[in-house]
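Chemist: Before anything else, here's the structure in question.
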Amino acid sequence: MQSYGLQEAGLRKQEEVKTYACSFHGKGGTLFGIQIVNMFLIIVTLGVYYFWGKVRVRNYLWAQADLGGDRFSYHGTPKEAFWGWLKAVMVFGIPFILLQNAPAMLGANVLIISLGAFLSLILIILFIPVAVVGMRRYRFSRTSLRGVRFSFRGRWRKFARIFYSSMLYKVLTLSLYSPYYEARKAAFFFENTYYGNGRFGFDGKGKDLLGKYIIGMLLAIPTLMLSLIWYSTEKTRYLWNHTTFQGARFRSDITFGGVLRLVLTSFLLLVCTLGFGAPWVKVRVLRYYLGKLSLVGYLDFAGIAQDAQEVTATAEEIGDFLDMDFDLG
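If you're matching positions, the sequence shown starts at 916 in the working numbering and goes up one per residue.
Here is the structure:
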């Protein structure tokens, strides 16, 4: 009887293990149409429509991505983007522009102009951790699945310690510390990401990527940089395969061959269309990477409670000044 009970429990546990596949359903033509209309309205409104256009693109991209058949939703608003942009201009934009241009406009000598350029670079470096964390906090707080919001609860000061210390270590080790930085960064990002009250996890180690990183660097010139694409593929797959959520584990099945074909065909598409094929490239990239991603395990959606975090869009717009892009749009 005890043996039968154990077998029954084992079968029940196996039945609970499911594969929640990710996919992307968007079409390049639809995205192109949205962006063309956005471009026209931005010109007509002298740039004011930019924030509405930005939200339209994200609404479309988020709604085309799904996990296990459930679509994602984006809840950011043009008003939030506009006020975030105004604050970002005051906090970052104006100081940066002044440091870059004021010395030359005032007729300063070459030394002062060079000092201004150097200080503007320092300003960018100082704001990177703030922008990276702020963008992630805002975008996750405006993303939902099955009516439950995501959130990111990491603090920029902690990421700043990781970011700046890793910059130093990479210099001291001739870049060999890079895989360790990637693992530390992934741990910080995933372990501070929540879906409702459910927390993501990460158990990867930088040392597992070190050998592949060295191979990728050593073969970069002989392979005309193809080894860097190979390493990037290996790294991305490794990081996802060591990411968990509530006991379930992500699985990425991307391959070097698949990524290489994607890179080459996307490059040709951009060249042949003089850049107008960018929406199709974005859709193809999202379709490939999401189509190769799944979550394996059992998810008790009923047990995941809403636990939203209120966040402003200021750091999101600082990230736009720095030309950073970390997600779908």
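Positions of the beta carbon are idealized from the N, C-alpha and C atoms, including for glycine.
Could you tell me if R1072 is buried or exposed, where buried requires 16 or more neighbouring beta carbons within 10 angstroms of its beta carbon?
Modeler: Under this definition R1072 is an exposed residue.
Chemist: State the DSSP-derived secondary structure class of A1135, mapped to helix, strand or coil.
Modeler: coil
Chemist: Check R1070 in the structure and name its three-state DSSP category.
Modeler: coil
Chemist: On the criterion of 16 or more Cβ atoms from any shown chain inside 10 Å, does S1029 qualify as buried, or is it exposed?
Modeler: So S1029 ends up on the exposed side.
Chemist: Once the 5 residues before and after G1192 are set aside, which same chain residues still bring their CB inside 6 Å of it?
Modeler: L1184 and L1185
Chemist: Quick one: what's got a C-beta closer than 6 Å to L956's C-beta in the same chain, skipping five residues either side?
Modeler: Y964
Chemist: For L1060, tell me which candidate among G948, H990 and K1085 has the shortest Cα-Cα distance.
Modeler: Here the closest residue by C-alpha is H990.
Chemist: Among residues of its own chain, excluding the 5 on either side of Y1213, which ones have a beta-carbon nearer than 8 Å to its beta-carbon?
Modeler: Contacts found: E931, V932, K933, G1162 and A1163.
Chemist: Tell me whether the beta-carbon of A1101 lies closer than 9 Å to the beta-carbon of L1038.
Modeler: no
Chemist: Does the Cβ of Q961 have 16 or more other Cβ atoms within 10 Å, making it buried, or fewer, making it exposed?
Modeler: Sequence check: residue 961 is Leu here, not Gln. Counting Cβ neighbours within 10 Å, L961 comes out exposed, since fewer than 16 surround it.
Chemist: Apart from the five residues just before and just after L1201, which ones in its own chain have a Cβ nearer than 6 Å to its Cβ?
Modeler: F939
Chemist: I need the DSSP call for Y964, collapsed to helix, strand or coil.
Modeler: coil
Chemist: Mapping the DSSP letters down to three states, classify A980 as helix, strand or coil.
Modeler: strand
Chemist: Which residue's Cα is closest to the Cα of F1165: A1075, T1151 and G1172?
Modeler: Considering only alpha carbons, the answer is T1151.
Chemist: Taking DSSP as the reference, what is the three-state secondary structure of Y1213?
Modeler: coil
Chemist: Are the CB atoms of F1042 and T1108 within a distance shorter than 9 Å?
Modeler: no
Chemist: Rank F1103, P1137, G983 and L1001 by C-alpha distance to the C-alpha of F1078 and give the top, closest one.
Modeler: F1103
Chemist: Do you know offhand how far F1241's Cα is from E1097's?
Modeler: Caution is warranted here: a pLDDT of 45 is assigned to F1241, below 50, making its placement in the model unreliable, and the coordinate value is therefore given only provisionally. Taking the straight line from one Cα to the other gives about 14 Å.
Chemist: State the CB to CB distance for the pair L976 and G941, rounded to an integer number of angstroms; the pair is presumed to be in contact (CB under 8 Å).
Modeler: 6 Å
Chemist: In whole angstroms, what is the alpha-carbon distance linking F1011 and F966?
Modeler: 22 Å
Chemist: Give me the Cα-Cα distance between A1023 and T1088, rounded to the nearest whole angstrom.
Modeler: In a straight line, the C-alpha of A1023 is about 39 Å away from that of T1088.
Chemist: How many Å lie between Y1110 and W1000 at the Cα?
Modeler: Approximately 27 Å between the Cα atoms of the pair.
Chemist: Could you tell me the distance, in whole angstroms, from the CA atom of T1058 to the CA atom of P1018?
Modeler: 43 Å
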